[in-house]
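Numbering (this note's numbering), first residue to last: 17 to 844. Ideal placement from N, C-alpha and C gives every residue a C-beta, glycine not left out.
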Amino acid sequence: MTDRPESIPRYDFPAVEKKWQARWEESGAHKTDISRPGKKYYCLVMFSYPSGDRLHVGHWYNYGPTDTLARFMRMQGFNVFEPQGFDAFGLPAENFAIKHGRHPKDFTDQNTAYMEKQLRAIGAMYDWSRKVDTSKPDYYKWTQWIFLKLLEKGLAYRKNAPVNWCPSCSTVLANEQVEDGRCERCGSEVTHRDLEQWFFKITAYADRLLAGHAKIQWPEKTIAMQREWIGRSEGSELVFGVEGKPGTDIRVFTTRADTLFGCTYMVLAPEHPLVAALTAPARKADVDAYVEKSRKATEIERTSLEREKTGVPIGATAVNPVNGEKVPIWIADYVIASYGTGAVMAVPAHDARDGAFARTYGLPIRRVIRPADAATPYPADEAFVDDGILHDSGAFDGLDSATARKKITESLAAKKQGRLTINYRLRDWLLSRQRYWGAPIPIVYCAACGIVPVPEKDLPVELPYEIDLRNAEKGKSPLASVPSFVNTTCPKCGKPARREVDTMDTFVDSAWYYLRYPSSDRSDVAFDKKAADAWCPVDQYVGGSEHACKHLLYSRFITMVLHDLGYLSFEEPFQRLFHQGTITRGGAKMSKSKHNVVNPDAFVEKYGADVFRMYLMYMGTYEGGGDWSDDGIAGIERFQLRLWRLAWATRDFARPGRGEAGGSELKELRYRLHYTIQKVTEDTASFAFNTAIARMFELLGALEDYWRAKGEKADGAFLAEAIDAFVKLVSPFAPHLGEELFELRGGTGTVFDSGWPKFDPKALVLDEVEYVIQVNGKVRSKATFAASATADQVKEAALRHPRVIEHLDGKQPKNVIVVPKRLVNVVV
Ligand SMILES: [Zn+2]
Ligand SMILES: [Zn+2]
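Have a look at this one:
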């Protein structure tokens with residue numbers, strides 16, 4: 017052994033990490049000159065919101081590996097911009113503050129300061145000079161400005177709308193925040209209310225949002241989720257009359273006008289505006305009770321396929337426009353008022369949900385579509401839901417479904433009882449929140465002038481600090497309890513007026529934050545058009561897939577609107593998107609109740625940030641995530657210490673001109689080195705961090721073996737080439753260690769501006785021979801070996817081959833026959 021352990025200093029990671037973080041800060045190594053984009057690369061992670069838990073392992077898993085990509089891109093010669101900030105407004109901070117008698121602002125400021133400290137410890141190249149905090153007036157001023165721009169364009173409007181209401185949190189809840197009829201935060205039973213609220217007209221952009229998918233490189237699954245969420249379907253709007261009520265029409269939207277002759281009843285949503293007027297007096301008590309009950313269930317529950325379908329008849333009759341047939345009208349809560357028209361023509365023979373409902377209530381089932389292919393069975397006891405051929409459908413008999421949909425709708429259009437139309441599942445974006453900790457909606461209500469927008473010059477409408485949240489009147493926006501905020505003068509007529517007291521959904525704050533980073537130093541504009549056009553779209557965005565139909569959809573919408581208003585030249589915010597997976601422990605999702613949460617701070621203290629982040633990248637594929645292991649992280653620690661020791665031990669010898677020039681035995685080692693450079697380059701670029709690290713493990717082992725065998729006689733030129741390349745390869749993964757070793761090797765400045773090693777294609781060509789690998793005479797695999805490999809080397813390698821191990825199944829081989837340059841046969 018010649019690695020002279022006595023002379024190798026201990027790797028003092030706390031000192032090394034501190035040293036490099038301080039140097040980066042002093043030298044401004046991570047500051048991006050926004051005015052010179054050059055070959056720009058905007059790398060962004062979803063910013064975090066401050067909660068009582070601060071930075072958890074999920075944040076680290078999002079941020080550490082993404083920074084590795086950012087550092088790698090910088091070493092490829094890109095001008096990388098990697099900013100960081102806080103989505104600081106919102107319910108978690110407000111609820112926490114109320115519970116602990118704190119002010120949300122104080123709580124939030126304290127938390128973001130702590131989280132910034134934690135984020136700095138990751139060793140990421142965040143440009144902290146461009147930090148964004150959505151709860152600061154210099155940010156939300158521009159959130160309010162965006163609201164005004166949408167209002168001007170007719171894309172913001174106010175209307176009375178039923179909402180999910182949590183009486184305990186005294187706020188409106190989004191459908192996603194309701195679980196089994198209860199508030200996801202506090203568990204209280206959710207009720208419903210009608211409130212005047214502000215909406216953004218995202219539905220006007222439904223087709224654009226769909227078309228834009230072709231321009232972005234996003235996970236196919238995420239695009240599919242958005243497509244489903246937007247829910248575009250081409251179909252027909254048909255008009256049913258009501259018996260005994262001339263002039264009353266019920267409009268239904270259907271994608272299956274071809275099944276119209278099979279309609280045997282009609283269903284209205286319990287909230288349908290015609291229910292009260294059409295209900296027969298004798299049915300009123302039952303209908304009222306049903307309507308009341310259905311208001312308690314959430315939309316998600318109501319449309320769940322598993323849920324038992326219930327309903328009641330209202331004692332009225334609808335008239336089928338195609339044949340004048342009379343069918344009973346029911347109400348049932350599986351029909352939603354805001355989807356389509358809130359009315360459904362029920363065809364139990366050809367729709368599974370209608371079929372189940374008809375069987376429950378003994379309603380008639382009439383079949384009108386048979387399979388086009390006679391061989392396909394035409395089931396009598398379940399719904400046949402595919403397209404087919406019409407029968408029992410009057411003049412339309414014998415037509416295929418697609419033709420019939422068109423013909424039937426056209427025939428009704430002539431009588432003004434039908435038209436071809438497009439329907440969307442997407443609803444407008446409800447942005448009013450009856451909460452304090454958000455951006456005030458910049459609107460004033462005047463008795464004379466009505467709804468008056470706050471003029472741009474008066475922005476921001478500042479959130480008052482003085483407020484007693486615990487004693488604010490329940491069920492009202494807390495801001496309503498602050499007279500100095502509420503009472504103002506009308507910007508139009510100057511008479512006394514009242515301010516809007518609701519605040520904006522925090523998804524408005526986060527819909528445009530990526531635009532603010534390059535212009536965070538500008539107080540006169542939300543963002544500078546030149547800077548935005550130069551740096552955006554974001555080249556690589558990384559964050560959780562749970563945001564697919566909220567943040568990721570809202571950002572696209574706001575960006576398209578700003579584009580249409582002439583503020584931006586592009587219309588998609590995030591060119592490439594990646595979703596990291598989830599870290600589990602003991603195979604289970606981490607949660608406080610299971611006591612299996614990994615606290616990053618404790619592990620960073622024990623192992624350092626380099627080991628912690630590199631282990632996160634090693635434990636599984638980045639999109640799949642992995643299972644945390646306390647032993648696994650120790651393996652990464654050993655790897656980094658071994659690399660440290662090798663670099664130290666060889667520091668005097670890894671120089672051109674030292675040792676003895678290596679001969680043919682170096683060829684395989686150079687192959688290993690350049691193969692590793694190639695694989696680490698490809699894998700890191702495609703987020704395959706775990707396999708990149710595995711290749712580095714192999715290379716380290718091979719270099720250690722060489723150094724052990726040769727010692728001071730090792731080829732100095734080769735050692736220098738190998739160790740200098742290795743230091744660069746490892747730097748994006750373990751940036752502090754990378755800098756320290758770069759300095760040890762005589763590098764000046766930062767390793768991240770020193771370029772990336774290139775692999776030598778010539779080194780990747782070996783004199784190789786392909787061997788057939790047999791077990792008991794049966795061919796099991798093939799493998800290539802160096803032409804110079806001895807029989808013993810081939811034998812040894814064959815026994816390590818996974819296919820051989822598999823077929824040995826734990827048994828000892830009796831004999832191994834090697835036919836040089838041809839085959840190897842393992843006999844059991
Ligand atoms: Zn609640
Ligand atoms: Zn006025």
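> Expressed to the nearest angstrom, what Euclidean distance is found between the alpha-carbon atoms of Asp28 and Phe758?
Replying inline: Residue 28 sits at position 12 when you count from the first residue of the sequence shown. Residue 758 sits at position 742 when you count from the first residue of the sequence shown. If you draw a straight line from the Cα of Asp28 to the Cα of Phe758, it is about 16 Å long.
> What does DSSP give as the partner residues of Tyr58 in its beta bridges?
Replying inline: Taking the sequence shown and counting its residues from 1, the one referred to as residue 58 is at position 42. The partner list for Tyr58 (beta bridge, DSSP) reads Phe97.
> Exposed or buried, what is Asn111 when buried is set at 16 or more other beta-carbons lying within 10 Å of its beta-carbon?
Replying inline: In the sequence shown, residue 111 corresponds to position 95, counting from 1. Counting Cβ neighbours within 10 Å, Asn111 comes out buried, since at least 16 surround it.
>> Taking the alpha-carbon of Asp444 as reference, which of Val360, Asn336, Tyr221, Val791 has the nearest alpha-carbon?
In response: Your numbering for residue 444 matches position 428 in the sequence shown. Taking only the C-alpha atoms, the option nearest Asp444 is Tyr221.
> Ends of the beta strand (DSSP E) at Val614?
Replying inline: As a working mapping, residue 614 is identified with position 598 in the sequence shown. Per DSSP, Val614 belongs to no beta strand (DSSP E) and is neither H nor E.
>> Using the three-state DSSP reduction, which class does Asp143 fall into: helix, strand or coil?
In response: Against the sequence shown, residue 143 aligns to sequence position 127. Coil at Asp143, not helix or strand.
> ligand 1 heavy atoms versus the CB of Arg201: any closer than 7 Å?
Replying inline: Position 185 of the sequence shown, counted from the first residue, corresponds to residue 201. It does: the Cβ of Arg201 is within 7 Å (strictly closer) of some heavy atom of ligand 1.
> Once you ignore the five residues that flank Ala353 on each side, which residues in its own chain have a CB closer than 7 Å to its CB?
Replying inline: The sequence position of residue 353 within the sequence shown is 337, counting from 1. Here the set comprises Ala285, Glu287, His288.
> Relative to ligand 2, is the shortest distance from any of its heavy atoms to the C-beta of Val468 smaller than 7 Å?
Replying inline: Here residue 468 corresponds to residue number 452 of the sequence shown, with the count starting at 1. Checking the Cβ of Val468 against ligand 2 gives yes.
> Do Cys202 and Gln193 have their C-beta atoms within less than 8 Å of each other?
Replying inline: Locating residue 202 in the sequence shown gives position 186, counting from the first residue. Locating residue 193 in the sequence shown gives position 177, counting from the first residue. Not closer than 8 Å, so no.
>> Tell me the residue span of the beta strand (DSSP E) that contains Pro329.
In response: Indexing the sequence shown from 1 puts residue 329 at position 313. Where Pro329 is concerned, the enclosing beta strand (DSSP E) stretches over 327-335.
>> Using 8 Å as the threshold, is the C-beta distance between Lys811 and Val832 below it?
In response: The residue you call residue 811 lines up with position 795 of the sequence shown. The residue you call residue 832 lines up with position 816 of the sequence shown. A contact, by the Cβ cut-off of 8 Å.
>> Could you compute how far the alpha carbon of Gly101 sits from the alpha carbon of Ala805?
In response: What you label residue 101 is simply residue 85 of the sequence shown in a count that begins at 1. What you label residue 805 is simply residue 789 of the sequence shown in a count that begins at 1. The straight-line gap from Cα to Cα measures roughly 56 Å.
> Using 8 Å as the threshold, is the stretch 414-422 in touch with the stretch 458-474, meaning 3 or more CB pairs across them?
Replying inline: Of all C-beta pairs linking the stretch 414-422 to the stretch 458-474, fewer than three are shorter than 8 Å, placing the two stretches out of contact.
> Taking DSSP as the reference, what is the three-state secondary structure of Lys423?
Replying inline: As a working mapping, residue 423 is identified with position 407 in the sequence shown. The answer is helix: DSSP assigns Lys423 an H, G or I state.
>> Are there any heavy atoms of ligand 1 lying less than 7 Å away from the beta-carbon of Cys182, as far as the coordinates show?
In response: Numbered from 1 along the sequence shown, position 166 holds the residue referred to as residue 182. Because some heavy atom of ligand 1 lies under 7 Å away, the Cβ of Cys182 counts as near it: yes.
> Is Ala527 closer than 8 Å to Tyr570 when the C-beta atoms are compared?
Replying inline: Counting from one through the sequence shown, the residue named residue 570 turns up at place 554. Counting from one through the sequence shown, the residue named residue 527 turns up at place 511. Taking a C-beta distance under 8 Å as the contact criterion, Tyr570 and Ala527 qualify as a contact pair.
> Can you check whether the CB of Phe277 is closer than 8 Å to the CB of Asp408?
Replying inline: One-based indexing of the sequence shown puts residue 408 at position 392. One-based indexing of the sequence shown puts residue 277 at position 261. For Asp408 and Phe277, yes; Cβs fall inside 8 Å.
>> Give me, in chain order, the residues of the same chain whose beta-carbon lies closer than 7 Å to that of Tyr687; leave out the 5 immediate sequence neighbours on both sides.
In response: As a working mapping, residue 687 is identified with position 671 in the sequence shown. Result list for Tyr687: Ala779, Leu780, Leu782, in chain order.
>> Given this structure, state the Cα-to-Cα distance separating Thr18 from Ala550, to the nearest angstrom.
In response: Against the sequence shown, residue 18 aligns to sequence position 2. Against the sequence shown, residue 550 aligns to sequence position 534. Only weak support exists for where Thr18 lies, its pLDDT of 46 falling under 50; the value from the coordinates is given anyway. Looking at the two C-alpha atoms, the distance is approximately 54 Å.
> Between Ala513 and ligand 2, is the CB less than 7 Å from at least one heavy atom?
Replying inline: On the sequence shown, position 497 is the one that residue 513 refers to. Yes; taking the cut-off as 7 Å, the Cβ of Ala513 has a heavy atom of ligand 2 nearer than that.
> Do you know how far the Cα of Asn336 is from the Cα of Tyr281?
Replying inline: Translated into positions along the sequence shown, residue 281 becomes position 265. Translated into positions along the sequence shown, residue 336 becomes position 320. When rounded, the separation of the alpha-carbon atoms in Tyr281 and Asn336 is 9 Å.
>> Just to confirm, is the Cβ distance from Gly74 to Ile599 under 8 Å?
In response: As a working note, residue 74 is residue 58 in the sequence shown. As a working note, residue 599 is residue 583 in the sequence shown. Taking C-beta atoms as the reference points, Gly74 and Ile599 count as a pair closer than 8 Å.
> What's the C-alpha gap between Glu756 and Glu98?
Replying inline: Residue mapping note: residue 756 aligns to position 740 of the sequence shown, counting from 1. Residue mapping note: residue 98 aligns to position 82 of the sequence shown, counting from 1. In a straight line, the C-alpha of Glu756 is about 22 Å away from that of Glu98.
>> So, does the stretch 369-388 touch the stretch 211-231, judging by three or more C-beta pairs under 8 Å?
In response: Contact between the stretch 369-388 and the stretch 211-231 is absent, because fewer than three Cβ pairs lie under 8 Å.
> Which ranges would you report for the alpha helix (DSSP H) in the stretch 710-762 if only whole runs of at least 4 residues count?
Replying inline: DSSP runs (the alpha helix (DSSP H)) wholly in the stretch 710-762: 732-746, 751-760.
> Does the beta carbon of Ser680 come closer than 8 Å to any beta carbon on chain D?
Replying inline: Within the model displayed, chain D is absent; a lone protein chain is all it includes.
> Is Cys506 near ligand 2, with its Cβ less than 7 Å from a heavy atom?
Replying inline: Translated into the one-based positions of the sequence shown, residue 506 becomes position 490. With a threshold of 7 Å, the Cβ atom of Cys506 counts as near ligand 2, since some heavy atom of the ligand is closer than that.
> Are the beta-carbon atoms of Asp518 and Ser493 separated by less than 8 Å?
Replying inline: Numbered from its first residue, the sequence shown carries residue 518 at position 502. Numbered from its first residue, the sequence shown carries residue 493 at position 477. For Asp518 and Ser493, yes; Cβs fall inside 8 Å.
> Unbroken beta strand (DSSP E) runs of length 3 or more, entirely within the stretch 278-324: which are they?
Replying inline: Listed in chain order, the beta strand (DSSP E) elements of length 3 or more contained wholly in the stretch 278-324 are 281-284.
> With 16 other CB atoms within 10 Å as the buried threshold, where does Asn78 fall?
Replying inline: Here residue 78 refers to the residue found at position 62 when the sequence shown is read from its first residue. When all chains shown are included, Asn78 counts as buried.
> Are the Cβ atoms of Ala359 and Asp370 separated by less than 8 Å?
Replying inline: Here residue 359 refers to the residue found at position 343 of the sequence shown. Here residue 370 refers to the residue found at position 354 of the sequence shown. Asp370 sits away from Ala359, with the two beta carbons spaced by 8 Å or more.
>> Give me the residue from Glu205, Ser609, Tyr623, His567 with the minimum Cα distance to Phe63.
In response: Taking the first residue of the sequence shown as position 1, residue 63 is located at position 47. A check of alpha carbon separations from Phe63 across Glu205, Ser609, Tyr623, His567 identifies His567 as the nearest.
>> Quick check on DSSP: helix, strand or coil for Lys605?
In response: Here residue 605 is taken as the residue at index 589 of the sequence shown, counted from 1. DSSP places Lys605 within a strand segment (E or B) once states are collapsed to three.
> When you compare each of Ser204, Thr333, Ala348, Asp721 to Arg323 by their alpha carbons, which one comes out closest?
Replying inline: Translated into positions along the sequence shown, residue 323 becomes position 307. Measuring C-alpha to C-alpha distances from Arg323 to each of Ser204, Thr333, Ala348, Asp721 identifies Ala348 as the nearest.
> For Leu442, which option in Asp540, Lys545, Leu226 has the closest C-alpha, if you only look at C-alpha atoms?
Replying inline: Indexing the sequence shown from 1 puts residue 442 at position 426. When only C-alpha atoms are compared, the closest one is Leu226.
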